[in-house]
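Undergrad: Numbering (our numbering), first residue to last: 114 to 252. Below: one structure in structure tokens.
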């Protein structure tokens, strides 16, 4: 075995010049190869919407709401209402529509269902089943 002083080091890992060193460098090489794939997978899961962002002013039926991202959710403040509601990205439907749902209240949820990837038009489905047209009016 060669003294450690003659080996090249990369951080805490010894080089792959000798069989005694290869056992340490192999996990590092494997991790460096897999890291970009892992990052791509994670960011593809975190970024469900590539075309637009769910934020700004929306016209919902005869009223308006203001949406802004807050951590992993979206805070919705209604023009005619008190307090805030929080919505979460649920999924992209097989038809290509984007679905955002509210926190469950008595096992009922409100839903924003967008027709396009820019999140500019669609429907708002209230927890009682009433449907309103939805359109983005500004940032």
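Where a beta carbon is used, it is the ideal one built from N, C-alpha and C, also for glycine. Model, not experiment: these values are computed from the prediction.
If you draw a straight line from the C-alpha of residue 204 to the C-alpha of residue 227, how long is it?
TA: Computed Cα separation, rounded: 11 angstroms.
Undergrad: Just list the residues that DSSP pairs residue 200 with in beta bridges.
TA: 187, 215, per the DSSP bridge assignment.
Undergrad: If I'm right that residue 179 touches residue 190 with Cβ under 8 angstroms, what's the distance once you round it to whole angstroms?
TA: Right, their Cβ atoms sit about 5 angstroms apart.
Undergrad: Residue 162 to residue 197, Cα distance in whole Å?
TA: Note that residue 162 scores a pLDDT of 42, beneath 50, so its modelled location is shaky and nothing firm can be said.
Undergrad: For residue 168, which of 245, 174, 185 has the nearest alpha-carbon?
TA: Among 245, 174, 185, the Cα nearest to that of residue 168 is on 185.
Undergrad: What are the boundary residues of the beta strand (DSSP E) that residue 244 is part of?
TA: That run of the beta strand (DSSP E) goes 244-251.
Undergrad: Take residue 176 and list the residues in its own chain whose beta-carbon comes closer than 6 angstroms to its own, dropping the five residues that flank it on each side.
TA: Excluding positions up to five away in sequence, the list reads 192, 193.
Undergrad: Work out the CA separation of residue 245 and residue 173 for me, nearest whole Å.
TA: For residue 173 and residue 245, the distance between alpha carbons rounds to 6 angstroms.
Undergrad: Measure the alpha-carbon distance for residue 241 versus residue 223 and round it to whole angstroms.
TA: Distance between the alpha carbons of residue 241 and residue 223 is about 8 angstroms.
Undergrad: Would you mind stating whether residue 234 and residue 248 have Cβ atoms separated by less than 8 angstroms?
TA: Yes, the pair counts as a contact, with Cβ atoms nearer than the cut-off.
Undergrad: DSSP three-state label for residue 175, please.
TA: Coil, per DSSP.
Undergrad: Along the beta strand (DSSP E) that carries residue 235, what are the first and last residues, could you check?
TA: 234-238 is the span of the beta strand (DSSP E), which, as asked, contains residue 235.
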